[in-house]
Amino acid sequence: MIIARRIQWSHIIFYTWKSMAYFLTLSLIVYVLHHEFDLTWVAIPFNAVATLSTALAIFLGFKNNSAYDRWWEARKIWGKLVNYSRAWGREVLNLAIDDNQPGSEELKQWQHRMIYRHIAFVHALRVFLRQRHAYNEIENELLETHNQYHDIEPFLANNDLEMVLSKRNPPNYLLMEQGDDLLRAYQRGWLSDYRYVKLHETLTEFNNHQGMCERIKNTPFPRPYSFFSRLFVFIHGTLVPFAFIEVLGPFNIPLALVINFVFITLDYIGERTEDPFENRPGDTPLTSISLTIEENLKEMMGDPNLPTKPVPIHGIVF
Amino acid sequence: MIIARRIQWSHIIFYTWKSMAYFLTLSLIVYVLHHEFDLTWVAIPFNAVATLSTALAIFLGFKNNSAYDRWWEARKIWGKLVNYSRAWGREVLNLAIDDNQPGSEELKQWQHRMIYRHIAFVHALRVFLRQRHAYNEIENELLETHNQYHDIEPFLANNDLEMVLSKRNPPNYLLMEQGDDLLRAYQRGWLSDYRYVKLHETLTEFNNHQGMCERIKNTPFPRPYSFFSRLFVFIHGTLVPFAFIEVLGPFNIPLALVINFVFITLDYIGERTEDPFENRPGDTPLTSISLTIEENLKEMMGDPNLPTKPVPIHGIVF
Amino acid sequence: MIIARRIQWSHIIFYTWKSMAYFLTLSLIVYVLHHEFDLTWVAIPFNAVATLSTALAIFLGFKNNSAYDRWWEARKIWGKLVNYSRAWGREVLNLAIDDNQPGSEELKQWQHRMIYRHIAFVHALRVFLRQRHAYNEIENELLETHNQYHDIEPFLANNDLEMVLSKRNPPNYLLMEQGDDLLRAYQRGWLSDYRYVKLHETLTEFNNHQGMCERIKNTPFPRPYSFFSRLFVFIHGTLVPFAFIEVLGPFNIPLALVINFVFITLDYIGERTEDPFENRPGDTPLTSISLTIEENLKEMMGDPNLPTKPVPIHGIVF
Amino acid sequence: MIIARRIQWSHIIFYTWKSMAYFLTLSLIVYVLHHEFDLTWVAIPFNAVATLSTALAIFLGFKNNSAYDRWWEARKIWGKLVNYSRAWGREVLNLAIDDNQPGSEELKQWQHRMIYRHIAFVHALRVFLRQRHAYNEIENELLETHNQYHDIEPFLANNDLEMVLSKRNPPNYLLMEQGDDLLRAYQRGWLSDYRYVKLHETLTEFNNHQGMCERIKNTPFPRPYSFFSRLFVFIHGTLVPFAFIEVLGPFNIPLALVINFVFITLDYIGERTEDPFENRPGDTPLTSISLTIEENLKEMMGDPNLPTKPVPIHGIVF
Amino acid sequence: MIIARRIQWSHIIFYTWKSMAYFLTLSLIVYVLHHEFDLTWVAIPFNAVATLSTALAIFLGFKNNSAYDRWWEARKIWGKLVNYSRAWGREVLNLAIDDNQPGSEELKQWQHRMIYRHIAFVHALRVFLRQRHAYNEIENELLETHNQYHDIEPFLANNDLEMVLSKRNPPNYLLMEQGDDLLRAYQRGWLSDYRYVKLHETLTEFNNHQGMCERIKNTPFPRPYSFFSRLFVFIHGTLVPFAFIEVLGPFNIPLALVINFVFITLDYIGERTEDPFENRPGDTPLTSISLTIEENLKEMMGDPNLPTKPVPIHGIVF
């Protein structure tokens, strides 16, 4: 997530220079043809471009809107994960009661296990979501590289990690373990029937949060929408230098570049926003949110060993 | 679901060539009439077209937006089906408890039956949804053909399949069987009153998922919206070659084709997205999601016989 | 609901001919004034019209969007009614248990009564919603006339029908009867406290479905939005023939008609969609959905007497 | 709520005449300056206006959309209030059971009190919401004046009214009384633990409905959005007469008026819709919905004294 | 929250004067270059600007829409907080029952503690949300400065405040304390199992409300959307004076200023709305809503010491 109010020009150039180079070359060629070789018939009326401009602007508006919706939904899901993680902590501490032996050591160990395994689930989900799909070509962007499963080790019992990593879907396996441990507490008599089901319902919330993230991760914004928005930006942009050559002469070149810069950028903004779990600067800040959850739950447990959040670098929070 | 970032030109041509042929012919005729036969009165002012362009672009924007909403809702429903299937697995394994005989073989068989019948439900729902409506004309498109009810056979008891297939709504019948089996568990004392109802509530979730898919399947995007968007694209496109003939002469032909290509494509994108259960490349990937559910539930059961997902062909996931 | 992909021209003409006749006459008068009487000052610059065109197109887009939302919400509500009807069937059959006398005849009769009275509720709701409001002027359109309360008679006990029809809100009365019958089952001991409340919660779902439909039925899309969209279409359309008369001469007439046809149709599409319970071709197909519910519930009861859905006529499902 | 399909011209003139008078005067002045005093430099190119027209149309579209959303949400909340009021009636009648003395008079009195106090709550909420905020300037509009707290008197016990009116938030106080009365029923043994909480949950629904209405009532649509849309309409409208004066001469006057009429009206439509609880013609029809709830609940109680809804006057339902 | 219908010009100038000064200077320079130095080639065709105008207007429309959604969601969350606070009061008073000793003093003290600590939670959440992020540059705006943690002191037991303030997330700590106190009541026998969990569910609602606010607070509207909308407004605005210089001469200056004023303002409206918890005039009125909750709960407790809401100053409610 970018928090700096100003986007660095180096970033903008990084993403747009190839397209801009194409349009610069094109404008130059158009100018040379028209002014040096006097091929005046290359000029086309501006209105022909205008028809496309409006349609393109509306289509890009739709694309940016949808990309933002995906990004914001991802953030909402992780927000819910924060809320229900806090509720989970409260419920584990308050709903499991040992009537015979208040404050029994065994119950406390169980509560500790349930809450720390939940922290492990959150970190595991982060790592799971940030694995790259082969079909998302990522260029040399600034990336967060600290997404590794061994982050969850401190929150698990000794030999659990290996078991967790042997599964195709590690976070889901952790939720199943939570369920098994709930059953153990039920059989010990710490949970009544009703409170037992209540805790299972909270686990189902986590099932939902995980599944919703997987949906966004594994279902790209429909490719035809992306592909044609890019294609139309190029079709439109290619016509632009022809439209003003007659009136403007050499000034056509900077003007065409400015107009195309706006449309290219509109296209890129959406594209950089639509996939929020790809480990890039504009991502939903999973690392930061995971640490908030860790911090909140540790504070609830009275654990003094609170995590420190990394300082934003270049105005970016991961 | 298309995951390839680039749409193949062969696909684009497949869908648009008829319309493009019409507009090419039309442009040629307009050119010949105007330049060869000197019927200069065929030219119309560009502004007449511009009025329609904006209205059309807005209408197409609305159509694409709605089509995307249908497609994304379909994906959301199947996402929920994934989440609640995992919850179902956890609940069946943890909420049914044989107090008298922990780990009884009979309970285990029941759990196995409940979970595998659920896998059958998921596959049956996929097949049920992908049956074609007569009124959706499908041309020779790349299709997924492996949607057959005998896919569910391995997950059912021996003589069940026949019974299931004799029903008008096989997936709904499977849910009813699940309900009857829950009653059996309740009568055996494995489920308390409260846990019994909880499992019925999860079945109601599946009722909802199925019904929501049926709604999208059986209710096409309102026909007047589709029909008139197509009609307006043609009305507008037919006027385009007349609008530039005076200024551009022969260059009118490629320009009219480019403009019309954009509008035709905008119309097609929506149309290819609005029906997500028709067994076509842009579909919601039901086969793939079904296999994910099968995999997750089998992993929960410790079944080593995990399914293998088919490799995407030409960047398409079914 | 229209399922035919092509709207018949007879339908289009039926709705638009009056407006088109007005615009034809107007264009002719403008032409005669301008060309025969040489009143060239009647021409106005096209730009004056263009200002209005964009504003009008955006407003019509908003109207069509909202109309579609109403229509789609109506369909969603009836979709939920399908889902919860199936759940109701499952719950009535599985949650009511006679511990003393498993499979008692009396319980079976009660279950039959609860499920068939629910079918009666669904059909009654359909009839209730399709009564016409005096303020919705309906011309001679193709209509579904088979919405009569005696449709529910086969699903009720003998003397109930009269009682039901004597109420101002028959479907709500049926839900109240369901509640009373639940109380009887509770007092017989067939329902535990918890399962009793669960069934009442499902009835509350039906309260919600009915009330949501009544909301759409009784609250027209805000009249100022409808009225002014129509008025603006006419203001704009009236200016159109003046805008091109200078350039186009007689060709102004067909062009003005084409442009106005597009705007009129955009206005009509929304208007025909915004009221989904008026018994017209574009309606939410209540009859068809009611029969689906009847079919599903009868199949659950093992009743071989399944209903047959009427064949679509002219591509219309009611 | 306006149900008449045609808005009366007297209404339109009432709202717009001041603005129209301004634009008429302005157009006349522009004409006189340009044609009589020959100040031809007052003319400005149309394109300058066109830039603003599109931006303004989009902004007005957004405003109308948001205003409609507020209005429709208000209607949805009152729709839910209808649904849950019916559910409340059913629950009070069916969930409170006197096992020892079926059909006891005391229970019946309690049920009567709970249901009639709910009718009082509904009417009190209507009156509470329709109090005017000082900052909403209301001119001499057609108003519903029958919103007075003594409407609730028939539904309360004798000395309750005074107590209710002494509170800052009367409807909330009524809900608290309902809660206290539930506790009494619980202590009498008419409600089990579970059914007791269920009825409290329904009261929480009413808390939600009330609070959602208060939110809409007390939070105007952000003033900057309203203020600047009005300001931009005037800036744009003021430029219009200058834009066509050169081409049109005296005909500029009616044309400028027509164009400005459209933009002014677009602005007014939103403004008249955004506050649905101000006792004006376009309001959500609280009086009518309150009477529906009264009617439904009385019918459930077998009370023959059903209310009569007022006949719509001039096509307006309050 | 601004309730005054008219925005003061001093406010408008405060926000826009820097940009307007830039555009004024630019227009003057363009005029001097064109008219004094006769550099007529600085003029560019208006159509070049028009292409950008539409795209920019659509993009600003999207931005304003999203900003409004954030603001309105913030208001909705605090609305829910009001509703559930009232429900919390009712539940604490009615669901905790001392069967052995009705009206026991100890229970009353517990109820008082639970309700007043909730008021403390609400005020603490307000203060917590209104802390400034370093990256939101705030200039010298009219600010609400009365957001301090010692506001919650009167609602807490003596030595609690220090403990609360020592936590990283004070409101969350208060919710945890509520949970611990619920457990105490459960162990005293005042709450049945079911009523105990019900109160925990209401606490989970508050977890949700807090977390949703934190999400909006900590996740700015995606910076690329904000940054480029500002950049495009300046690119577009910089081209405007060149577009009309040829036709208008000196009148180009006021016209360019008016057009740019509209676009700048459209950009600012969104920017001032998108962050609703920054202690500025357009904020969600947290102080006012907190006092409403305090008032409602105190009235429920019969506490005569009701708070007085501050009078709006300059039409602003904080």
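Chains as they are written, first to last, in the UniProt record's numbering: chain Z, 1 to 318; chain B, 1 to 318; chain G, 1 to 318; chain H, 1 to 318; chain D, 1 to 318. For glycine and all other residues, C-beta sits at the position ideal for the given N, C-alpha and C.
Mind checking whether residue i and residue j have CB atoms under 7 angstroms apart?
i	j	result
threonine 51 of chain H	isoleucine 259 of chain D	yes
glycine 211 of chain Z	valine 82 of chain B	yes
leucine 306 of chain B	isoleucine 115 of chain B	no
alanine 243 of chain Z	phenylalanine 46 of chain Z	yes
leucine 203 of chain H	leucine 175 of chain H	yes
isoleucine 269 of chain H	proline 224 of chain G	yes
tyrosine 84 of chain D	glutamate 205 of chain D	yes
aspartate 193 of chain B	serine 192 of chain G	yes
proline 241 of chain B	leucine 26 of chain B	yes
histidine 123 of chain B	serine 10 of chain B	no
asparagine 207 of chain G	alanine 87 of chain H	yes
Return the chain-ordered list of same chain residues with a C-beta closer than 7 angstroms to the C-beta of residue i, the five sequence neighbours on each side being excluded.
i	result
isoleucine 97 of chain G	Trp190
tyrosine 196 of chain H	Leu182 and Tyr186
residue 325 of chain D	With chain D running from 1 to 318 in the structure shown, residue 325 of chain D is simply not present.
With residue i as the anchor, note down where its alpha helix (DSSP H) starts and where it stops.
i	result
phenylalanine 227 of chain B	223–248
alanine 74 of chain D	46–95
phenylalanine 263 of chain G	252–273
residue 322 of chain H	Only positions 1 to 318 of chain H appear in the structure, and residue 322 of chain H is not among them; the question remains open.
phenylalanine 206 of chain Z	193–218
residue 402 of chain D	Residue 402 of chain D falls outside the range modelled here, since chain D spans only 1 to 318, and no answer is possible.
Let me confirm a value: residue i is counted as buried when at least 16 other C-beta atoms fall within 10 Å, else exposed. Which label applies?
i	result
glutamate 278 of chain H	buried
glutamate 132 of chain Z	According to the sequence displayed, residue 132 of chain Z carries arginine and not glutamate. Flag for arginine 132 of chain Z reads exposed.
methionine 1 of chain Z	buried
glycine 179 of chain G	buried
residue 376 of chain B	Residue 376 of chain B is absent from the structure shown; chain B starts at 1 and stops at 318.
histidine 314 of chain Z	exposed
leucine 60 of chain B	buried
tryptophan 41 of chain H	exposed
residue 333 of chain Z	Because chain Z here runs from 1 to 318, residue 333 of chain Z falls outside it and cannot be looked at.
Apart from the five residues just before and just after residue i, which ones in its own chain have a Cβ nearer than 6 angstroms to its Cβ?
i	result
lysine 167 of chain H	Tyr173
glutamate 294 of chain G	Ile119 and Pro307
Within its chain, find whatever has a CB closer than 8 angstroms to the CB of residue i; leave out the 5 residues flanking it on each side and keep chain order.
i	result
histidine 112 of chain D	Met301
leucine 239 of chain B	Ile44, Ala48, Val49 and Leu52
Counting only beta-carbon separations shorter than 7 angstroms, does residue i have a partner in chain E?
i	result
glycine 179 of chain D	Judged by its chain identifiers, the structure shown contains no chain E, and its protein chains are Z, B, G, H and D.
For this session: Could you tell me whether the segment 7–26 of chain H touches the segment 217–227 of chain D, using the rule of 3 or more Cβ pairs below 8 angstroms?
Result: no
For this session: For the segment 40–56 of chain H and the segment 35–51 of chain D, state whether three or more C-beta atom pairs, one from each stretch, are separated by less than 8 angstroms.
Result: yes
Exercise. Are the segment 152–159 of chain H and the segment 266–284 of chain D touching, with three or more C-beta to C-beta distances below 8 angstroms?
Worked result: no
Exercise. Below 8 angstroms, can you find three or more Cβ-Cβ pairs linking the segment 120–132 of chain H to the segment 285–303 of chain H?
Worked result: yes
Exercise. For the segment 237–257 of chain Z against the segment 18–38 of chain Z, are there 3 or more C-beta pairs whose distance is under 8 angstroms?
Worked result: yes
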